[in-house]
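Novice:
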Amino acid sequence: MTAARNLPAATLKIFGLGLFAFAIFGPLTNLLLWSVAERWYTPFKLPVTYGTRYWEVVFRPTGDAMAALGTSVWIALLTVAVSLLLSIPAGYALARLKLPFRALILIVFLLPQAFPSVAIYINVARIFYTLGLTGTVSGVVLVHAAHGLVYSVWIAAAAFAAVDRDLELAARNIGASPLRTFFTITLPLATPGIIASAIFVFLESLDEFTGTFFVGVPQVSTLPLLLYNASMGGNYQIASITALILLVPSVLFMLFIERFLRSDVLSKVGH
Amino acid sequence: MTHKLAFSLALALGAALAAPAGAQTLNVATAGDQNMVDYIKDYLGPMFEKANPGVKVVAVGTGPGDSGSQKIYEKLAAQKAANTEKWDFDVIVAHQKMSGQMVSEGLLAKYRDRIETGKLVSSATAANALGTNVEGFVMPMFQSQTAIAYNPDMVKSVPGTYAELADWAKANPKKFGYNGIKGGMSGVAFATGWVYAFGGDADKLQKGPYDAATKGGWDNALVALKAFNQNAVITPGNAGTLDMLNRGEIAMGPVWVDMFYTWMNDGKLPPNMKLKLLAPGMPGQPMYYAVPARAAQADLAAKFIAMATSPQVQADGIVKKFNWYPGIDARHLEGKLDAATWKKLFTDLTPDDLSKNARPFPIAPYFNDILESYEKKVAN
Amino acid sequence: MSRSTALGLLLVAPALALVAALFLWPLGFSLIAAFTAGGEVSLAHFRKAFELYSTDIVFTLLIVGLSTVLIALVSIAVSGVLTLSETGWLVAVLKQLYRWPLFIPFIVAGQCMRTFLAKNGLMNNTFVSLGVLDPSQTVSLLDWRGIVITFVWKQAPFVILMLAGAMASLDRSTIEAARNLGASRLRSLIEIVLPQVGQTLLVALVLSFVTMLSVLSVPMMVAGSQPTMLTVDMAFRINAYGDYPTANALGVISYAMTAVAAWIYLRHNLKQQREAGL
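Protein chains in written order, with the numbering used here: chain Z, 256 to 526; chain H, 7 to 386; chain E, -9 to 268.
(1) Using a Cβ-Cβ distance cut-off of 7 angstroms, determine whether H/P242 contacts chain E.
(2) Please name the residue in H/F352, H/P317, H/A155 whose C-alpha comes closest to that of H/W262.
(3) Please report how far the alpha carbon of H/V43 lies from the alpha carbon of H/A83, in whole angstroms.
(4) Any beta-carbon of chain H closer than 7 angstroms to the one on E/S44?
(5) Could you name the residues of chain B that E/P91 contacts, counting a contact when the two beta carbons are closer than 8 angstroms?
(6) For H/G323, would you say it is in contact with chain Z, using Cβ-to-Cβ distances shorter than 7 angstroms as the test?
(7) Could you tell me if H/Q320 is buried or exposed, where buried requires 16 or more neighbouring beta carbons within 10 angstroms of its beta carbon?
(8) To which residues of the same chain is E/W143 closer than 6 angstroms at the C-beta, ignoring the five residues directly before and after it?
(9) CB H/F148 to CB H/G333, shorter than 7 angstroms?
(10) Taking H/P70 as the query, report the chain Z residues whose CB atoms sit under 9 angstroms from its CB, ordered along the chain.
(11) Check whether the stretch 322 to 341 of chain H touches the stretch 250 to 267 of chain H, taking contact to mean three or more Cβ pairs, one atom from each stretch, closer than 8 angstroms.
(12) Hey, is the stretch 358 to 375 of chain Z in contact with the stretch 240 to 248 of chain E, meaning 3+ C-beta pairs nearer than 8 angstroms?
(13) What are the start and end residues of the alpha helix (DSSP H) that includes H/M265?
(14) Within a Cβ cutoff of 8 angstroms, which residues of the same chain sit near H/K92, ignoring the five residues on either side of it in sequence?
(15) Using a Cβ cut-off of 7 angstroms, pull out every chain H residue sitting near E/M211, in sequence order please.
(16) Determine the burial state of E/L284: buried for a count of at least 16 other Cβ atoms within 10 Å of its Cβ, exposed for fewer.
(17) By the 10 Å Cβ neighbour count, where 16 or more other Cβ atoms means buried, how is H/N244 classified, buried or exposed?
(18) Identify whether H/M279 lies in helix, strand or coil by the three-state DSSP scheme.
(19) Could you check how far apart the C-beta atoms of H/V109 and H/F143 are, in whole angstroms? I think they sit under 8 angstroms.
(20) Who are H/F148's beta bridge partners in DSSP?
(21) Using a C-beta cutoff of 7 angstroms, does E/E41 count as contacting chain H?
(22) Is the CB of Z/Y584 under 7 angstroms away from at least one CB in chain H?
(23) With a threshold of 7 angstroms between beta carbons, is E/A230 in contact with chain H?
(24) Closest by CA to Z/L365, which one among Z/Y406, Z/P479, Z/S290?
(25) Would you mind sorting Z/Y384 into buried or exposed? The rule is 16 or more other CB atoms within 10 Å of its CB.
(26) Could one say the Cβ of E/S204 lies closer than 7 angstroms to chain Z's Cβ atoms, at least one of them?
(27) Okay, do the stretch 98 to 105 of chain E and the stretch 208 to 224 of chain E touch, 3+ Cβ pairs below 8 angstroms being the bar?
(28) Threshold first: 3 residues or longer. Then list the beta strand (DSSP E) segments lying entirely within the stretch 259 to 311 of chain Z, N to C.
(29) By the 9 angstroms beta-carbon criterion, what residues does the stretch 243 to 262 of chain H contribute toward chain Z?
(30) What are the complete alpha helix (DSSP H) segments, minimum 4 residues, inside the stretch 174 to 261 of chain H?
(31) Which runs of the alpha helix (DSSP H) at least 4 residues long sit entirely within the stretch 58 to 143 of chain E? Give them in chain order.
(32) List the whole-angstrom C-beta distance separating H/M68 from H/G60, where the pair is believed to meet the contact cut-off of C-beta under 8 angstroms.
(33) Can you tell me which residues form a DSSP beta bridge with H/K62?
(34) Pull up the CB-CB distance for H/N237 and H/A175, whole angstroms please, since I reckon it's below 8 angstroms.
(35) Which residue from Z/L301, Z/L442, Z/T465, Z/V472 puts its Cα closest to that of Z/A348?
(36) Cβ atoms of Z/V470 and Z/G387: under 7 angstroms apart, would you say?
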């Protein structure tokens, strides 16, 4: 009885969901199709010939893609290292120590998000020319780290703030020094949040295009640059395969993020 | 799964870090599309390494169009300003405009008289780059040409001149597409050809002398081009034009002849498409091999270029593989190329067509004027 | 006390230094380059920027503005469904669906859309196969509309995430009270839920506005070059001409656009604080 009455409503909901799913997955399906299409031209609606020829092209050992993947991962790892090195102390200070101008400092870290970045990167590249940092991995890592610092400082601060002060006080009470308390109590408890920020910074660096476009070219070739060049050159198969390679870490992260970013950490972001 | 991931990551890292710091590394920087980089990576590089054991060829692409060449120029200029001992690149491949600028700023070395293929080229473009004397500093890698690609099923009577094209576009709105001047050089070539056709003295633009007042006389041409753009589609790049032609979304558009044939071979263009060169002319350009003034491996670089401009390599690599017109004089390729391949290049555009309507780009100052006037009066 | 302060500053210093060196310094650089010509303060670069790119400036503002509005509408709708819907399976499926574009970088989104939105691209072909559209009616969306679609596709999930999170942490008693009094779910959404999460929505939208103004890959890959967004013009100025002053002038104009967005946010913030009696 209720089912019959609810049928039109249910149909509408299913239809709406279907449309929504098409909107979300349509473009991604397009990507998948292009990655297995060997020949595709008008007036055919789907690829004329399917094949994995371009996968072989992309994954050949001497190819650009493997080198670009290596470079991208290497840069991302270095970026995470630099970010963590800077943001753990900063996050701890913001969460636990009395800082003058605390709000101002937090805003300074937020500023890079508030300004369109192309103009900034243009000038960073200009400055790097005089320092000989263009076309180098270090230059690109610096740019990625500065960009990632924004997230990692805020998340680290939130992670430290979420650690129960009582636990730290208890440790101090039984005679542990502040440094020992930090390493044995505070840091381990804040680790899940910090790992989340590390993964976030890693992904941001892996996917970063604009900064690398100005600072890294021509010697530093990352996957996003490869994607861009392949796409603009009309080589959609290679562009799509490269895009899929880029997607794997991001999708994995999305599927596992719940484990690391607990709600109590999230709610402390920005305070 | 984590182990596999870690293992493959380690492998990738290892591969990236363990790139052989061979006895000698030849760094080649090339502007242009990905096919230019692939040419060195997959063809010239291995060929040179085989002939010169112990040498590793590293190729780097700086991007398509003049902006790719600009990046090469900026790198060399920065290293000159910093007084660096040995510069990063040993061989560069760049477009005419920036090559001319690099020669006039003393960034390149003279090498053409040292190599045996130096005397195989006699065309004016080997000595003159858009008005700058570059004799001895460059060797043309290839000659490329723009033309209008069209789908004969959709275009019943092909226009033969720019004026006819304007009428055709009016009668068939949104069936012609090009990529403006920011998306790639085929669009730049089209706009330049328009100014040649309607902007007055085309010869003066191509040969000089430069007169800053000339651009004032282009107003009519530019207004007409702006009106033309209303009937045309602006595509996202060189490949964007070819793409839309492929999907039948536009019926005509300017393309580089080599890209056209390469796409057709790769199954990315319907096999029935054809080319037409519009009168009074459409530009084409060579790209140049050059050696930076303080290249770390100047001798190896010259050897590399000599190999790349040898008749056999020009025949197999440039003409057969990439459908470009050769950089050295065509007569030296006789006997090195089978007749079928040679004819293929001249099917749609006969040597006669080319001699009538193939033009160089204008000299550099006029070139910049055209680009800026387009931005001011047509795009804005 | 002061030792702790000194230690705190010491710990924050390296991070601050990196941001100062790689953001504040280039920012200052860009302002100086945009406003000086031949050693003295001048608006010459702005004049040139307007001469060449006035259409693109308006175009950029319209695109990003329109995208922001559409993102707001889509996110409010989807978050509303996620919070107020009584159909369990709908909420569960929607939750799994909407988050996918979140983790897709702009450059990949650009690549997807480059062929998806074409006149004979996958989207139109699907509609034609389903009989919804005639082949002659298909339209290429590879212009400003494609940019807007890509932006909304990529950014809406982010705003939905923040908005749904904020809505989920609301006290449900206010919603239930309204429903008990007979308000429809739509009305409860607009009059009860939205005002309480307005702050989060505004923050998310302002962040999205700035993010969209910073994207270079999407306009380059999805749309033709005329008209185009300011980011493409800036890159073109640098790459083709090495013309830093004009590019920086364009940069300052884009800063001004974000300043407008920030001002809207601050005004709302201040109004709220005044109303709360602070």
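We put the beta carbon where it would ideally sit given N, CA and C, even for glycine.
Specialist: Quick answer:
(1) On the second sequence, position 236 is the one that residue 242 of chain H refers to. Yes, because at least one Cβ of chain E sits closer than 7 angstroms to the Cβ of H/P242.
(2) Within the second sequence, numbered from 1, the residue matching residue 262 of chain H stands at position 256. The residue with the shortest Cα to Cα distance from H/W262 is H/A155.
(3) As a position in the second sequence, residue 43 of chain H is number 37, starting the count at 1. As a position in the second sequence, residue 83 of chain H is number 77, starting the count at 1. One C-alpha to the other measures close to 22 angstroms.
(4) Translated into positions along the third sequence, residue 44 of chain E becomes position 54. The beta carbon of E/S44 sits closer than 7 angstroms to some beta carbon of chain H.
(5) No chain B appears in this structure, whose protein chains are Z, H and E.
(6) Counting from 1 along the second sequence, the entry for residue 323 of chain H is found at position 317. Among the CB atoms of chain Z, none fall inside 7 angstroms of the CB of H/G323.
(7) One-based indexing of the second sequence puts residue 320 of chain H at position 314. Buried is the call here.
(8) Here residue 143 of chain E refers to the residue found at position 153 when the third sequence is read from its first residue. Contacts found: P91.
(9) As a first step, residue 148 of chain H is located in the second sequence; it is residue number 142 there, counting from the start. As a first step, residue 333 of chain H is located in the second sequence; it is residue number 327 there, counting from the start. Going by C-beta atoms, H/F148 is nearer than 7 angstroms to H/G333.
(10) Your numbering for residue 70 of chain H matches position 64 in the second sequence. Within chain Z, the residues near H/P70 are N484, M487, G488.
(11) yes
(12) yes
(13) In the second sequence, residue 265 of chain H corresponds to position 259, counting from 1. Per DSSP, H/M265 belongs to the alpha helix (DSSP H) from 263 to 271.
(14) Within the second sequence, the letter at position 86 stands for residue 92 of chain H. So the list reads R300, A301, A302, once near-sequence residues are dropped.
(15) Here residue 211 of chain E refers to the residue found at position 221 of the third sequence. Within 7 angstroms Cβ-Cβ: P242.
(16) In the structure displayed, chain E extends from -9 to 268; residue 284 of chain E sits before or after that span and is not available.
(17) Your numbering for residue 244 of chain H matches position 238 in the second sequence. So H/N244 ends up on the buried side.
(18) Translated into the one-based positions of the second sequence, residue 279 of chain H becomes position 273. Coil, per DSSP.
(19) Start at 1 with the first residue of the second sequence, and residue 109 of chain H comes out as number 103. Start at 1 with the first residue of the second sequence, and residue 143 of chain H comes out as number 137. Correct: roughly 5 angstroms between the Cβ atoms.
(20) Translated into the one-based positions of the second sequence, residue 148 of chain H becomes position 142. DSSP, once it has assigned bridges, lists H/M293, H/P332 as partnering H/F148.
(21) Taking the third sequence and counting its residues from 1, the one referred to as residue 41 of chain E is at position 51. Chain H contact via Cβ: present.
(22) Any answer about residue 584 of chain Z is impossible in this case: the structure gives chain Z only from 256 up to 526.
(23) On the third sequence, position 240 is the one that residue 230 of chain E refers to. Interface residue, yes.
(24) Residue 365 of chain Z sits at position 110 when you count from the first residue of the first sequence. Per the Cα distances, Z/Y406.
(25) In the first sequence, residue 384 of chain Z corresponds to position 129, counting from 1. Result: buried.
(26) Here residue 204 of chain E is taken as the residue at index 214 of the third sequence, counted from 1. Answer yes: the Cβ-Cβ gap between E/S204 and chain Z drops below 7 angstroms somewhere.
(27) Of all C-beta pairs linking the stretch 98 to 105 of chain E to the stretch 208 to 224 of chain E, three or more are shorter than 8 angstroms, placing the two stretches in contact.
(28) 292 to 294
(29) Residues passing the 9 angstroms Cβ filter: G243, N244, A245, G246, L248, D249, L251, N252, R253, G254, E255.
(30) 191 to 204, 208 to 213, 225 to 236, 244 to 252
(31) 78 to 88, 96 to 106, 112 to 119
(32) Taking the second sequence and counting its residues from 1, the one referred to as residue 68 of chain H is at position 62. Taking the second sequence and counting its residues from 1, the one referred to as residue 60 of chain H is at position 54. The sequence given here has Thr at residue 68 of chain H, not Met. About 27 angstroms separates the two Cβ atoms, so there is no contact after all.
(33) The residue you call residue 62 of chain H lines up with position 56 of the second sequence. DSSP, once it has assigned bridges, lists H/T31 as partnering H/K62.
(34) Position 231 of the second sequence holds residue 237 of chain H. Position 169 of the second sequence holds residue 175 of chain H. Right, their Cβ atoms sit about 4 angstroms apart.
(35) On the first sequence, position 93 is the one that residue 348 of chain Z refers to. When each option's Cα is compared against that of Z/A348, the closest is Z/L442.
(36) What you label residue 387 of chain Z is simply residue 132 of the first sequence in a count that begins at 1. What you label residue 470 of chain Z is simply residue 215 of the first sequence in a count that begins at 1. Contact: no.
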